[in-house]
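Trainee: Have a look at this one.
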Amino acid sequence: MNMIGHNRECMQFVMSKLGAMLYRSYYQLGDGRLAEKHGAGAGVMEQAVHSDECFAGSQIAGWEDATCGQAIAQGKGDEKRLTNEVQMREAPFLEDHDWLVRCARKDSQGRPGRPPQAKGLPHFFGLCIAALAGLAGTITAAPLRYPSPVELAVSPDGARLFVVCEGSDELVLADAHSGKVTGRVRVGRVPKGLWLTDRYAYVANSWSDTVSVVDTESHHVTRTLPAGFEPNAVFADAAGTAVYTANRISNDISVIDLATGMETRRLAAGRGASYLTPSPDGQSLYCTHIYPNIGRHRTPPESEITIVDAEHQIVRDRQPLHNIAGVFHVAFSRDGRLGIACQLRPKNLVPLAHVEHGWVFGDSLTLFGEDVGESVQVLIDELEQYYTMPFAVAIAPDKSAAYISTTGANSVTVIDIARLLKFVRSASSAERRALANDLSASAHFVTARIPVGRAPKGIALSPNGAMLYVANRLDDTISVIDTAARKVVRTIDLGGPKELTPQRRGEQLFFDARFAFHGGFSCANCHIESTFDGLQWDLEPDGFGKDIVDNRLLEDVDGTEPFKWNGGNPDLETECGPRTEKFFYRSQSYSRAELGDLVAYIKAMPLRPNRYRLANGELTAAQERGKDIFERTRRKDGTPIPETNQCAFCHAGRHYTNQTQVNVGSGKWSDRSPIIDVPQLTNIALTAPYLHDGSAHSLEEIWTVFNPKDTHGVTNDLTKDELNDLIEYLKTL
Amino acid sequence: MKHWLAILALLPLAAAAQPMPRFHWQNFTTADGLPDNRVFSVAVDGARIWAGTENGLALYENGKWKVFRPADGLAHRAVLYVAVDKRTHDVWAATMGGLSRYSAGRIDTFTQLNSGLPNDVVYGVAVQGDSVWAATAAGAGRLNTRTGEWSLFNERNTPMYEIWTYAVSAGTSKVYYAVWGAGVLEYDVKSERWKDYNDPDGETEMVLFKDQGLIHEITTSVSWMEQDKILWVATYFGASRYDGRNWHNFLQKDSGLPSDFMNQVKGVDGNRVWFSTDKGLAYYDGENWAVYRPSLQTGKPEMLVRDAQGKVRQVETDTAPAHNYIFGVDFQGNDIWVATAKGLSHGMRIEEEVTQNVTRRHD
């Protein structure tokens, strides 16, 4: 059992009893939607309240870091509107000095508010009350935190495992031989990346924008280094002089000087920089990306591998990956002659009408290096079965085999490298290009498919290659595979909760491809790691080339019904149920219970931090000006803007959508109707391209290119710097 | 006896002798692979030479030219200025159709439609740490490359009364803009405040108050020497040097400038500077001047030296820059690269010239 979680639950129970009465005298409890929303894997205390009481109550009690929940009174026009948006760091309650609440509040006049300030001992008492009271609301919805292992590494002597658990914000240490968990180190929020040296484990904390440096002997975090926006991977050079992070949101690579702990430069990477792999000689660092680079509308996706010169700390080259969107881990053979990158080949330019012909995703590898010469793409799928989401790859020390975790197929694919190279080398240049779509090719080199746990992600070989360790993210276990026998010989339990919440079950379904025809894809193929894929799709058999739609982020969709780009689906159950099975999976449908779980998971997706606001929740001067523009009701010449054409009319409320269907003039000739469902704007800065069909490359283009007649808000009277201010404000949503 | 007298007469000159750089000039044109002979800008990045031409961005490396054009993602074929980020070796190209960044083979383009760039006509660009400053025809813009935020500066939030920014020079403490028709604009990095510098004579070509301010409002280039805290300014009507308190102005009539019409000024330090004029390339070392060009009369290679006393003489040379109309320069060690209207010139330093070898004297 998770001892930390157990102690916390006991403490919560006791304190909640003591604080319940006091708490309720200050708060009117809401319907608990937000507690439920953030319950799964988040551990955030939160209640939905309605009214100014939250703000007033907090003023009375001097509550600062307390259980301030989201208080929303949706309204239109002159109705009072109070939004109280909270982002809380995970913390074992009073024990974590980093516990922080950022409250960005707006009062009824739309003025930004401040969280109340601490005022000494009375406030401390109030803080305790607040803490006790706040816990009261969570007693019936105590969030379970599942470790959710995503990456792992084996110590050089093969004795220890280091496992990054993004769900519990931990680095878990285990004995590789006995399988016993030997330590747990608390790191930053949503850790994703890991790099192990002789002395330290470097952990990239993707939602803290930091790197934790963990002493592998003392099991303590010795330093915390700053990184870019959403670091997903980390690498420390052998000389111990620099640390690199791949930053997913800022699309770049941070170079951090270890002597000073400061970032010295930022290298331009591709979009969604997420994984780092050093070459065996340490001269180069390969960075891969989960999103394709933004290109021309409705053209084949283009990705890249960004190659960094590790000696000079500059980008040396960019290896293009054609028709690829979604690149994950890379591995090299020890001799450095062979590199393998895991990737997806989406068929987003053709209608999603030929699922049974493999016309959705190819699960692919790019092979490069001296062993292959010109790089070549091969599929690991079979003619009648897909092994989707190839995520991590490891090459045996003797180069005899490559192992690939396939997250959607709950398995590990084993490749005979000698046969692979023979097959590839025997192909002519034209035949090589055709291999990218050849579903029969895998028969030449795939030798085994080893079932493991749910959603296998990171993998690591023991130094002698005898054992392969696989992180099963949604089982909270590590599968230990005997590579000679090619089977799982042991499963290491990382100590997650044994109870599966609906959200957790739904998450398992989200990443499972078994529902699709031939296991072709899961929800996570398009919504990579529950986000999006940067692509536009022709989804439904409504005529080829009709209704092209841009993929969207899934955070914060709860409460934004109806769904689908035109609002055609009234709820998530319809969106994910009959629609998905009919138009996507073409195969097995979800049971009613499964659908309920899936919807619960989607509704519970935590909201990633917004990087564009100031830390105290206030807006910069430019963002304030932009907010005024967003909320204006008159043109600059004083003439009124029709209410229905005011930004804040359609993009109203907590999610910045009034949930209606409108025509803003963004319809294209390929759309059956110009009516669209008003989309929410949460974290809109992350989701280029824009408009329902992804035709606007950037936020600017929504108005500089696609709003010639002021039908999508009035913007043509704005100067360039005013439009810039509006953009800066939108980025804070 | 006469021999000894001559030696004695030359001694004062020897004491005042200043070595002026001499070069062997190698010129590149379209015949050599340059995409266009009209070269607006040159930037040196180690062994790589970047040229902004009227028909593309050109890279000279290992003896070969490689050209990037809009088909490769470049914003526009007319590249007006090139700047190199010394930390990352990314190259920023200011063009007539936007701002492009070349990074290890990939070109990303920012336009006024797809980004916060103030205007697509970008005359100048400078890199300052994580910030990229652009000089455009509709004001100045600063891109924070870490956050993607654009900040725009124009007559509404700075003292500039003309928004046609023509060039930018950035250091760690200050950023300067040459505002065509509105003098010089200074941005203090620490205080985030702007300040303007204008011609005390107003917008006239008269110089009533020499050395009491900027020489002229129509500024074309600025060069900020961070270490010495000296600002050099080029205009169409002379040049200026500013030390934070005192101005010193240079005109053709009372200096070694071959012309008052300048496209660029590039400082070496607080005392030494290169001027790119329409009548040749000029070098000033704080006392003496040198001019390098094809002769305006004969077209033959010409090097003129003017000493501190105003005496001008000709130095023998058999090569010269490609043309007398100079757009800009950059340095490669002791060498110099020169962008001209008729090609790109590589000045390879040969030896220091000693003014004792007098060939022409002026009494």
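Quick note, the sequences are listed as chains A and B, same order.
Just so you know, we're using our numbering here: the first sequence kicks off at 1 and counts up by one.
Just so you know, we're using our numbering here: the second sequence kicks off at 734 and counts up by one.
Just so you know, even glycine gets a beta-carbon here, dropped at the ideal spot from N, CA and C.
Just so you know, these numbers come straight off a predicted model, no measurement behind them.
#1: Express the C-alpha separation of R889 (chain B) and A310 (chain A) in angstroms, rounding to a whole number.
#2: Using alpha carbons as the reference points, say which of A:D381, A:V662, A:V557 and A:K347 lies closest to N683 (chain A).
#3: Out of A:A455, A:E540 and A:T197, which has the shortest C-alpha to C-alpha gap to R514 (chain A)?
#4: If we count Cβ pairs, one from each stretch, closer than 8 Å, do we get three or more for the region 766 to 780 of chain B versus the region 814 to 831 of chain B?
#5: I believe V858 (chain B) touches A867 (chain B) by the beta-carbon criterion, under 8 Å. Please report the beta-carbon distance rounded to the nearest angstrom.
#6: Grouping DSSP H, G and I as helix and E and B as strand, with all else coil, what is N205 (chain A)?
#7: At 7 Å on the CB atoms, spell out the chain A contacts of E882 (chain B), in chain order.
#8: Report the residues of the region 881 to 911 of chain B with a CB closer than 9 Å to any CB of chain A, ordered along the chain.
#9: Check each residue of the region 261 to 285 of chain A: if its Cβ is closer than 7 Å to any Cβ of chain B, include it; give the result in chain order.
#10: Have a look at B:T898, B:L1077, B:S992 and B:T891 and flag the residue whose alpha-carbon is nearest the alpha-carbon of I782 (chain B).
#11: With distances taken from CA atoms, which of A:A239, A:D237 and A:G272 is nearest A246 (chain A)?
#12: Counting only the same chain and skipping the five closest in sequence on each side, list residues whose C-beta sits under 7 Å from that of L435 (chain A).
#13: Output the distance between the C-alpha atoms of G453 (chain A) and G495 (chain A), rounded to the nearest integer angstrom.
#14: Output yes if chain A places a C-beta closer than 9 Å to the C-beta of Q861 (chain B); else output no.
#15: Using the C-alpha atoms, what's the distance from N525 (chain A) back to D335 (chain A)?
#16: Compute the Euclidean distance between the alpha carbons of R632 (chain A) and I727 (chain A), then round it to the nearest angstrom.
#17: From the DSSP output, read off the bridge partner residues of R834 (chain B).
#18: Please state the DSSP three-state secondary structure of N724 (chain A).
#19: I need the DSSP call for P578 (chain A), collapsed to helix, strand or coil.
#20: Quick test of your reading: G188 (chain A) and D157 (chain A), contact by CB under 8 Å. State the CB separation rounded to the nearest angstrom.
#21: So, at 6 Å on beta carbons, what are the nonlocal neighbours of T222 (chain A) in its own chain, with the 5 sequence-adjacent residues on each side left out?
#22: Below 8 Å on the Cβ atoms is my contact criterion, and I expect P1054 (chain B) with Y1016 (chain B) to pass it. Report the Cβ-Cβ distance as a whole number of Å.
#23: Just tell me which of A:A448, A:V489, A:V315 and A:T477 has its CA closest to the CA of M467 (chain A).
#24: Against chain A, which members of the region 752 to 781 of chain B pass a CB distance test of less than 9 Å?
#25: Per DSSP, N760 (chain B) is paired with what?
#26: By alpha-carbon positions, which one of A:P280, A:I305, A:R266 and A:L285 ends up nearest to G838 (chain B)?
#27: For chain A, find out if any of its Cβ atoms is closer than 9 Å to the Cβ of D921 (chain B); answer yes or no.
#28: Return the CA-CA distance between D802 (chain A) and W927 (chain B), expressed in angstroms with no decimal places.
#29: Quick one: which residues of the region 837 to 857 of chain B get their C-beta closer than 7 Å to a C-beta of chain A? List them in chain order.
#30: Looking at the C-beta of S375 (chain A), does it have a partner C-beta in chain B at a distance below 9 Å?
#31: I want to verify the contact list: residues of chain B whose CB lies under 7 Å from the CB of V234 (chain A), in sequence order.
#32: CA-CA distance, N84 (chain A) and E624 (chain A)?
#33: Rounded to the nearest angstrom, what separates R978 (chain B) and N1004 (chain B) at their Cα positions?
#34: Which whole-angstrom value describes the C-beta separation of S208 (chain A) and F229 (chain A), a residue pair presumed to lie in contact below a C-beta threshold of 8 Å?
#35: Find the nearest neighbour of Q945 (chain B) within the set B:E938, B:P933 and B:S956, judged by alpha-carbon distance.
#36: So is I481 (chain A) buried or exposed if we call it buried at 16+ other beta carbons inside 10 Å?
Mentor: Result, derived from the coordinates:
#1: Position 310 of the first sequence holds residue 310 (chain A). Position 156 of the second sequence holds residue 889 (chain B). Per the coordinates, the alpha-carbon of A310 (chain A) lies some 45 Å from the alpha-carbon of R889 (chain B).
#2: To locate residue 683 (chain A), count along the first sequence from 1; it is residue 683. The candidate whose alpha carbon is nearest that of N683 (chain A) is A:V557.
#3: Looking up residue 514 (chain A) in the first sequence gives position 514. A:A455 is the residue among A:A455, A:E540 and A:T197 whose C-alpha sits nearest the C-alpha of R514 (chain A).
#4: Flag = yes, the region 766 to 780 of chain B and the region 814 to 831 of chain B touch.
#5: Start at 1 with the first residue of the second sequence, and residue 858 (chain B) comes out as number 125. Start at 1 with the first residue of the second sequence, and residue 867 (chain B) comes out as number 134. V858 (chain B) to A867 (chain B), Cβ: 5 Å. Contact.
#6: On the first sequence, residue 205 (chain A) is found 205 positions in, with the first residue counted as 1. DSSP, reduced to helix, strand and coil, places N205 (chain A) within a strand of the structure shown.
#7: By 1-based counting over the second sequence, the position of residue 882 (chain B) is 149. Simply E728.
#8: Contact residues of the region 881 to 911 of chain B toward chain A are G881, E882, W883, S884, L885, F886, N887, R889 and N890 (C-beta to C-beta distance below 9 Å).
#9: So the list reads R265, R266, L267 and A268, given in the order they occur along the chain.
#10: What you label residue 782 (chain B) is simply residue 49 of the second sequence in a count that begins at 1. It is B:L1077.
#11: Sequence index remark: in the first sequence, residue 246 (chain A) carries index 246 (1-based). Closest option to A246 (chain A), Cα to Cα, is A:G272.
#12: Sequence index remark: in the first sequence, residue 435 (chain A) carries index 435 (1-based). Closer than 7 Å at Cβ, skipping near neighbours: V376, Q377, V378, A427 and A441.
#13: Within the first sequence, the letter at position 453 stands for residue 453 (chain A). Within the first sequence, the letter at position 495 stands for residue 495 (chain A). Between the C-alpha atoms of G453 (chain A) and G495 (chain A) there is a straight-line separation of about 15 Å.
#14: Within the second sequence, the letter at position 128 stands for residue 861 (chain B). Put simply, the CB of Q861 (chain B) is far from chain A, with every gap to its CB atoms at 9 Å or more.
#15: For this step, residue 335 (chain A) is matched to residue 335 along the first sequence. For this step, residue 525 (chain A) is matched to residue 525 along the first sequence. Near 33 Å, if we compare the C-alpha coordinates of N525 (chain A) and D335 (chain A).
#16: Taking the first sequence and counting its residues from 1, one reaches residue 632 (chain A) at position 632. Taking the first sequence and counting its residues from 1, one reaches residue 727 (chain A) at position 727. Distance between the alpha carbons of R632 (chain A) and I727 (chain A): 15 Å.
#17: Looking up residue 834 (chain B) in the second sequence gives position 101. Answer is B:W825 and B:D841, bridged to R834 (chain B).
#18: Residue numbering aside, residue 724 (chain A) sits at position 724 when the first sequence is read from its first letter. Helix, per DSSP.
#19: In the first sequence, residue 578 (chain A) corresponds to position 578, counting from 1. P578 (chain A) falls in the helix class under three-state DSSP.
#20: Here residue 188 (chain A) corresponds to residue number 188 of the first sequence, with the count starting at 1. Here residue 157 (chain A) corresponds to residue number 157 of the first sequence, with the count starting at 1. With 8 Å as the limit, G188 (chain A) and D157 (chain A) do not qualify as a contact, their Cβ atoms being about 28 Å apart.
#21: Counting from 1 along the first sequence, the entry for residue 222 (chain A) is found at position 222. Only V213 and D215 meet the Cβ criterion.
#22: Numbered from its first residue, the second sequence carries residue 1054 (chain B) at position 321. Numbered from its first residue, the second sequence carries residue 1016 (chain B) at position 283. Going by Cβ atoms, the distance from P1054 (chain B) to Y1016 (chain B) rounds to 12 Å, so no, they are not a contact pair.
#23: The sequence position of residue 467 (chain A) within the first sequence is 467, counting from 1. Of the candidates A:A448, A:V489, A:V315 and A:T477, A:V489 places its Cα closest to the Cα of M467 (chain A).
#24: Per Cβ criterion, the list is empty.
#25: Residue mapping note: residue 760 (chain B) aligns to position 27 of the second sequence, counting from 1. Answer is B:S1078, bridged to N760 (chain B).
#26: Mapped onto the second sequence, residue 838 (chain B) falls at position 105. Here the closest residue by C-alpha is A:I305.
#27: The residue labelled residue 921 (chain B) in the question sits at position 188 within the second sequence. D921 (chain B) does not count as touching chain A.
#28: Absent from the model: residue 802 (chain A). The displayed extent of chain A is 1 to 733, so no value can be given.
#29: Within the region 837 to 857 of chain B, those residues whose Cβ lies closer than 7 Å to any Cβ of chain A are, in chain order, A837, G838, R839, Q845, L846, N847, S848, G849 and P851.
#30: As a working note, residue 375 (chain A) is residue 375 in the first sequence. Closer than 9 Å: no.
#31: One-based indexing of the first sequence puts residue 234 (chain A) at position 234. Neighbours of V234 (chain A) on chain B: none; closest Cβ ~18 Å, over 7 Å.
#32: As a position in the first sequence, residue 84 (chain A) is number 84, starting the count at 1. As a position in the first sequence, residue 624 (chain A) is number 624, starting the count at 1. With a pLDDT of 33 at N84 (chain A), under the threshold of 50, the modelled position of that residue is not reliable, and the figure given next carries that caveat. Each residue's Cα considered, the two are about 17 Å apart.
#33: In the second sequence, residue 978 (chain B) corresponds to position 245, counting from 1. In the second sequence, residue 1004 (chain B) corresponds to position 271, counting from 1. Here the alpha carbon of R978 (chain B) sits roughly 16 Å from the alpha carbon of N1004 (chain B).
#34: Working through the first sequence from its first residue, we reach residue 208 (chain A) at position 208. Working through the first sequence from its first residue, we reach residue 229 (chain A) at position 229. Not confirmed; about 11 Å, so no contact.
#35: If you number the second sequence from 1, residue 945 (chain B) lands on position 212. Between Q945 (chain B) and the set B:E938, B:P933 and B:S956, the nearest pair of CA atoms involves B:P933.
#36: Counting from one through the first sequence, the residue named residue 481 (chain A) turns up at place 481. I481 (chain A) sits buried, since 16 or more C-beta atoms from the chains shown fall within 10 Å of its C-beta.
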